[in-house]
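Residue numbers (our numbering): -3 to 624.
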């Protein structure tokens, strides 16, 4: 592509093809009110002043924001390789290797195998292909068994919620509690009572404590330390006392311990609520600091101009929106309460006030059909490959190196597909309710070659939470060498308070170093300009993939790992690894081309948006014309 087509766009993490911060017309309903009261010009002027103030301080952005993004020049995309002879060879490879992999995994789960009798007790009666089904994973079995109940509950909530929004006129967002969230408060409370029984008292008490601290401490420099101390002590306390008991408070209350709800242990699922509690506290803290720096009127004016996904996260809400009713609705929002995806408090309230345009009914229906397809694929996998049951009971001596590797690969695939379905189920119902959330699993598990990208895409909403509330406040890239270890230490403690998970977290953090070093060495023009650069990258990616597959063998137990590693690194295993390395290099070339295909679409969209912005600058629309 000619050089004149190179363009500069804003560097936005959430919307890479658009300007990071754009300022369009405010909420139409609110604008009508303001126009009638003669305040539209004042709000527009105040917003322009806020924009100018932010732009003049681009080197020192408002607290809780990354500031106005710097312009970056997008390189012209490379020509497509999809129809070259080289890639036709890769397609032939897929047509031969992929079916053989599937057949090998199917044969490894055959009832004719000697080890089948040992793990058969983990299998249940199936309904496909005349085979049993592997439901030995407790998390998936629980979700699958309660799928209908959860679906009916979500359907009831969404129907009532949308009806309430249509019937209850929303008042000005400058006031505190949003009227459309009152039903969420009531339904969410009932939902948690069913799940946790009388333990909702403990949940409410911990949430109230965080709310009081946020209200009293927000805006002070030491406030984040107070919030983190409270929430981390809360996690330790929840784990130590196993969710607490009423009997320990007062013996006459012991009968309440029998009413624990469906979950029995509410504290096991409470870690997600801790993330939401921290989000509320920090977002309110940054709101107070923004007021100190730019003034409350400017921050309120900017709250009217929420146009992008990044705006919804970084733009503070109105001061009155940080009230307990909105906070409680945010904590207990039924579709996302148990599993996420994680959404920030600012994003949640901004969307409740002004629903995201991206959640169209067409997109929601298509997403629902994809969810059903993923569920059927999971059923097919569990009827044909018993990787979870085998990992618990099988004798590894009867399996070849190839079969062991395929079972390890399939177990990782199962974990990916399980979490994808659970997270998409929650996200689907949020979309039906008009709430846009981040897709947690953005890529297929087999379409990852970078450890850093794999981590970002595995639980995307959690990763973004970590970046906003941990990584950036600790210094971001300036202190990334030790910052990464702090982040992974928190990740381990958040998942489970155990030494083994801490060791795992630090090992993962160390594994980032070779990739970062290789990127630093080879990501230079002297290498990137060479035609063989993509083959250097594929070699590094193949090493990454093999390392991640071997690391996943931990799920097969210590004894199983020892036997499998001995086989993999034997003489026969070395030959297998060499062949695997070559095949992975070919597979990675396809991955690279897929990434470049995505970039071509991003580049085309950026050109279109850049042209549209230039046209709009020449013919600016009138805010009054829209409401004639």
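All residues carry an ideal CB built from backbone N, CA and C; glycine is no exception.
> Between the C-alpha atoms of residue 333 and residue 79, what's the straight-line distance to the nearest angstrom?
Replying inline: One C-alpha to the other measures close to 46 Å.
> Relative to the alpha-carbon of residue 493, which residue among 236, 75, 83 has its alpha-carbon at the smallest distance?
Replying inline: If we check each option's Cα against that of residue 493, 236 comes out closest.
> Using the C-alpha atoms, what's the distance from residue 315 back to residue 342?
Replying inline: Here the alpha carbons of residue 315 and residue 342 stand approximately 11 Å from one another.
>> With DSSP as the reference, identify every bridge partner of residue 129, one or two as the case may be.
In response: Residue 129 is bridged to 120.
> Along the chain, where does the alpha helix (DSSP H) that runs through residue 245 open and close?
Replying inline: It spans 242 to 245 - the alpha helix (DSSP H) in which residue 245 sits, taken as one unbroken run.
> When DSSP labels each residue in this structure, what does residue 211 get in the three-state scheme?
Replying inline: Reduced to three states, the DSSP call for residue 211 is helix.
> What are the boundary residues of the alpha helix (DSSP H) that includes residue 411?
Replying inline: Taken as a continuous stretch (DSSP letters only), the alpha helix (DSSP H) holding residue 411 covers 397 to 428.
> Under the rule that 16 or more other beta-carbon atoms within 10 Å means buried, what is residue 135, buried or exposed?
Replying inline: Residue environment: residue 135 is assigned as exposed (fewer than 16 neighbouring CB atoms within 10 Å of its CB, all protein chains considered).
> Roughly how many angstroms separate the alpha carbons of residue 278 and residue 204, rounded to a whole number?
Replying inline: For residue 278 and residue 204, the distance between alpha carbons rounds to 15 Å.
>> With distance defined between alpha-carbon atoms, name the residue in 484, 523, 397 nearest to residue 576.
In response: In this structure, 397 is the residue among 484, 523, 397 with its C-alpha nearest to the C-alpha of residue 576.
> Which class does residue 312 belong to by DSSP, given the choice of helix, strand or coil?
Replying inline: Coil.
> Start and end of the alpha helix (DSSP H) containing residue 333?
Replying inline: Run containing residue 333: 330 to 333, per the alpha helix (DSSP H) assignment.
> Run through DSSP, which three-state label would residue 91 get?
Replying inline: The answer is helix: DSSP assigns residue 91 an H, G or I state.
>> Quick check: what's the CA-CA separation for residue 582 versus residue 526?
In response: Approximately 18 Å, taken between the alpha carbons.
>> Buried or exposed, going by whether 16 or more other CB atoms sit within 10 Å of the CB of residue 400?
In response: By the neighbour-count rule (16 or more Cβ atoms within 10 Å), residue 400 is buried.
> Considering only residues of the same chain and omitting the five flanking positions on each side of residue 542, which have a CB-CB separation below 8 Å?
Replying inline: Non-local beta-carbon contacts of residue 542 in its own chain, meaning distances under 8 Å to residues more than five positions away in sequence, involve 573, 576, 577, 580 in chain order.
>> In the DSSP assignment, the alpha helix (DSSP H) including residue 480 goes from what residue to what residue?
In response: Per DSSP, residue 480 belongs to the alpha helix (DSSP H) from 476 to 491.
> For residue 215, which residues of its own chain have a beta-carbon under 6 Å away from its beta-carbon, when the five flanking residues on both sides are left out?
Replying inline: Cβ within range, chain order: 284, 285.
>> Below 8 Å, how does it come out for the segment 242 to 254 and the segment 431 to 444: are there three or more Cβ pairs, yes or no?
In response: Cβ pair count under 8 Å is below three, so no.
> Between the segment 264 to 280 and the segment 323 to 340, are three or more C-beta pairs nearer than 8 Å?
Replying inline: With the cut-off at 8 Å, the segment 264 to 280 and the segment 323 to 340 touch.
> Where does the unbroken alpha helix (DSSP H) through residue 456 begin, and where does it stop?
Replying inline: Membership of residue 456 in the alpha helix (DSSP H) is indicated by the continuous run 456 to 462.
> Pairing CB atoms from the segment 442 to 456 with CB atoms from the segment 171 to 185, are three or more of them under 8 Å?
Replying inline: With the cut-off at 8 Å, the segment 442 to 456 and the segment 171 to 185 do not touch.
>> Helix, strand or coil, according to DSSP, for residue 526 in the structure here?
In response: It is coil, neither helix nor strand.
> Quick one: is the Cβ of residue 531 within less than 7 Å of any heavy atom of the ligand NAD?
Replying inline: You won't find the ligand NAD in this model; it holds no ligand whatsoever.
>> Out of 359, 584, 423, which one is the CA nearest neighbour of residue 540?
In response: The candidate whose alpha carbon is nearest that of residue 540 is 584.
>> Can you find the residues in the same chain that come closer than 6 Å, C-beta to C-beta, to residue 433, ignoring five residues on each side of it along the sequence?
In response: Spatial neighbours of residue 433 in its own chain (CB-CB distance under 6 Å, excluding positions within 5 residues in sequence) are listed in chain order as 337, 339, 423, 426.
> Between which two residues does the alpha helix (DSSP H) containing residue 157 stretch?
Replying inline: 143 to 163 is the span of the alpha helix (DSSP H), which, as asked, contains residue 157.
> Are the beta-carbon atoms belonging to residue 379 and residue 127 less than 8 Å from one another?
Replying inline: For residue 379 and residue 127, yes; Cβs fall inside 8 Å.
> Three or more beta-carbon pairs under 8 Å between the segment 73 to 90 and the segment 583 to 598, yes or no?
Replying inline: Using a Cβ-Cβ distance cut-off of 8 Å, the segment 73 to 90 and the segment 583 to 598 are in contact, since at least three pairs of beta carbons, one from each stretch, lie closer than that value.
> Residue range of the alpha helix (DSSP H) that residue 298 falls in?
Replying inline: From DSSP, the alpha helix (DSSP H) with residue 298 extends over 292 to 299.
> Is residue 303 helix, strand or coil by DSSP?
Replying inline: The three-state secondary structure of residue 303, taken from DSSP, is coil.
>> With H, G and I counted as helix, E and B as strand and the rest as coil, what does DSSP make of residue 444?
In response: Here residue 444 sits in coil by DSSP.
> Can you tell me whether DSSP reads residue 347 as helix, strand or coil?
Replying inline: Three-state result, residue 347: helix.
> Should residue 310 go down as buried or exposed, given a rule of 16 or more other Cβ atoms within 10 Å for buried?
Replying inline: Counting other Cβ atoms within 10 Å of its Cβ, residue 310 reaches 16 or more and is therefore classed as buried.
>> Between the alpha carbons of residue 228 and residue 569, how many angstroms are there, rounded?
In response: The straight-line gap from Cα to Cα measures roughly 45 Å.
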